[in-house]
Each structure stands twice: as C-alpha cells, then as structure tokens.
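Numbering that gives the first Met the number 0 puts the first residue of the sequence shown at 0, with every later residue one more than the last. These notes are about the structure you will find just below.
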Amino acid sequence: MSNIAPTSSTDTAAVLLDGVRAVRRGAAALAGLEPDAYARGHAAFECLSDQRRLIAEHLAGRLTGMGDGPISVLSVGCGDGSLDARLAAGLVQGVPGRPVRYVGVDPWVGSAERFAATMSALGADELSSDAYVAPFDDSSVEETFDVVMFVHSMYYVPDLGATLRVALGLLRPGGQLWVAIAPTAALNALVVALAPPLEGHRQWFSADVEKAFVDAGIFLDDVIALDAQIDLASASDEVLDFAVQARLTPDLRGPVRAYLDAVSVPGTDGRPRVPHPVDVFVATRR
C-alpha cells in the first residue's frame, strides 16, 4: 500500500484499491461463483441498482423504432428473463396482434428454465419463445432474428471477434446487434483486482468490445453510455461477491467495503451510491 497521504476522495480510493491488491498479492486466485450463487447474487444486485430500468427503457425505445411488423429477438445470456419479459410484453402490447418471437440462450439450466417460465407467464398468444441451455458458441440456434442482444453477457465469451461475427450472421438483413457491457470504471476495478480468470481469458469490458468491433471490421452505428448508480452501502456479503465476481474471503470484506465507500457519490435521495455505468453498442447487418 502507498504511504502517501491521500488528498482527495480519488486519492483515497486509489490507496484503498492498492490495499485490496496488497491483501491478494502472492495468494491463490479466489474461488468463482457457482451458477446458483451467481443467479441469486445477480438478482439481489439488480434490486439495488437503477441500471436494469435504464437498460430496459433504452432497449424498449430501440424496439419501438423497428416498426410494427412481426419481430424476433435472440437474447444471449438471458438469465431469468426478467429484462426480456419486460421487453417482450412491451412488444406485444405496443402493437396488438403482432407476432413476436423471443429466444433465450443461457449456459445454466436453472436460468434457462426461469426464462421459459417467465415468458410463459406473460400469457400472450402472439408470443412464441424458446430457451436453449448452452454457451452461445455451442448453442444450436439456427434461426435468424431482427435483434440479437448481449446484455451483460459478453464478459464471458472466449473470443470477442468470433462471437460478434457469429451474432451478426444470425441477423436478418437490416437486423441489429446490441451489446450492453460495463466499462472498467470504479466498481469493475475491483473485478479486475479480484475476479478469478475465466476459461482461457480474462473478463472483458467495453473497451475490449469496442476494439473487437473495429478489429472485425464491423461498423458501429451507435455507442450510448447509460449513467446508472447502485446502493452498495448495506449490501449483503452475497451481493458483494457478485459485485466483484468472486467469493470474497473474510480479510477482504472490510477493505472492499471501505473502497466502495470511497468511490460512492450522493444519489438523488442523498444516500451514497456507487457509479454503475453501462455502454450499449449497436451494429446493423447490412
């Protein structure tokens, strides 16, 4: 840890992050999250953030702009379908009688089952849906879609460029690829410091995705930054584990909470919030 006295909240946060790194220096990688713990932590994490609402509003606006004809969506890393159900319901209700096709892909069977149940619970005759249990690069999806979207799932793919090319190939001409992914901001600096490596690669962030689009020769129509915030001041240990994508050891919980306090800013209600931004990349199949 640096022995220079901090002179600002930014300096304090940098010193505290150095302290987190110091605790881990020379130690074995932390344990990752099992699928069920990941799903529970994710659901609780989202309840503390306004990001899901901002993403839903943004993507719903994009879907509305795609006209009133039949529409199909592939959601990669669909999770429990809570976001997708909101978007699917908006499509069905926005244009009564319009056929809507909505497909989810998730590597964990529990999430795929919840996605299927959530879609079925909408009870819309115009909506047809399926769920595939597989990583995206191993899925058996053979349809083409008007929209293929990755909402916080591009972190985990082994090859960004290959994934973008395959996703673009699943689009109909004029269809759009949407990738929502976080930048390496204050919160994800903890992920960089603490998360165990994934299979064959580190976890990707928005700068990596933007470079992958460029390297693959895929033109970007738009990149939008959504400035969300999350309340982690009283987060449970399970939520903290999800936030850093690792099973924290007892000696890390205090330093991690101190760092999150240092990077917090006042929310609209005056309570401390950690900045929780997300970037949305948009490309069209031409």
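From the three backbone atoms N, C-alpha and C, an ideal C-beta is built for every residue, glycine too. Bear in mind that the values here come from a model prediction, so they are computed numbers and not experimental data.
Cα-Cα separation, residue i to residue j
| i | j | result |
| --- | --- | --- |
| V22 | L189 | 13 Å |
| D49 | D230 | 9 Å |
| A215 | L163 | 8 Å |
| A123 | P95 | 10 Å |
| S71 | R272 | 36 Å |
| D260 | L15 | 10 Å |
| M0 | P249 | At M0, the pLDDT of 37 sits below 50, so the modelled position is not reliable and the matter cannot be decided from this model. |
| Q175 | G253 | 43 Å |
| G109 | D35 | 8 Å |
| A211 | Q228 | 27 Å |
| A87 | S8 | 42 Å |
| A242 | A257 | 14 Å |
| D236 | A43 | 11 Å |
| R171 | G78 | 24 Å |
| V140 | Y131 | 8 Å |
C-beta atoms of residue i and residue j nearer than 9 Å
| i | j | result |
| --- | --- | --- |
| V146 | L225 | no |
| L90 | L126 | yes |
| E209 | L219 | yes |
| M153 | W107 | no |
| A59 | P195 | no |
| W177 | V19 | no |
| V255 | L193 | yes |
| L136 | A115 | A small correction: the amino acid at residue 136 is Asp; Leu does not occupy that position in the sequence shown. The answer is no: Cβ separation not under 9 Å. |
| A166 | L32 | no |
| A184 | M148 | no |
| L159 | D221 | no |
Reference residue i, options the options, closest by Cα
| i | options | result |
| --- | --- | --- |
| V99 | A111, P106, D83 and R113 | D83 |
| V104 | V208, H151, G173 and P271 | H151 |
| G168 | F144, M153 and R272 | F144 |
| G269 | A232, L186 and A55 | A232 |
| G93 | G68, L193 and A133 | G68 |
| A26 | T267, L251, I223 and V279 | L251 |
| Y37 | R284, R285, V238 and S263 | V238 |
| A120 | M148, R85, S138 and V281 | R85 |
| P134 | V213, P157 and G199 | P157 |
| R113 | A179, R39, A234 and A245 | R39 |
| A12 | G199, L186 and D221 | L186 |
| D10 | A282, T267, P274 and V262 | V262 |
| I223 | A161, R52 and V281 | V281 |
| P276 | G76, S205, C77 and A111 | S205 |
Chain B within 9 Å of residue i, Cβ atoms only
| i | result |
| --- | --- |
| R270 | This model lacks chain B altogether, as it is built from one protein chain only. |
Status (buried if at least 16 other CB within 10 Å, exposed otherwise) for residue i
| i | result |
| --- | --- |
| E45 | buried |
| G66 | exposed |
| I217 | buried |
| R24 | exposed |
| A28 | exposed |
| T117 | buried |
| R284 | buried |
| I54 | buried |
| G80 | buried |
| G173 | exposed |
According to DSSP, residues forming a beta bridge with residue i
| i | result |
| --- | --- |
| A224 | D278 |
| H200 | L197 |
| M148 | S74 and W177 |
| D105 | V132 |
| S312 | Summary: the structure shown does not reach residue 312, with the chain confined to residues 0 through 285, and so no result is reported for it. |
| V273 | I229 |
| P265 | P271 |
| L170 | F144 |
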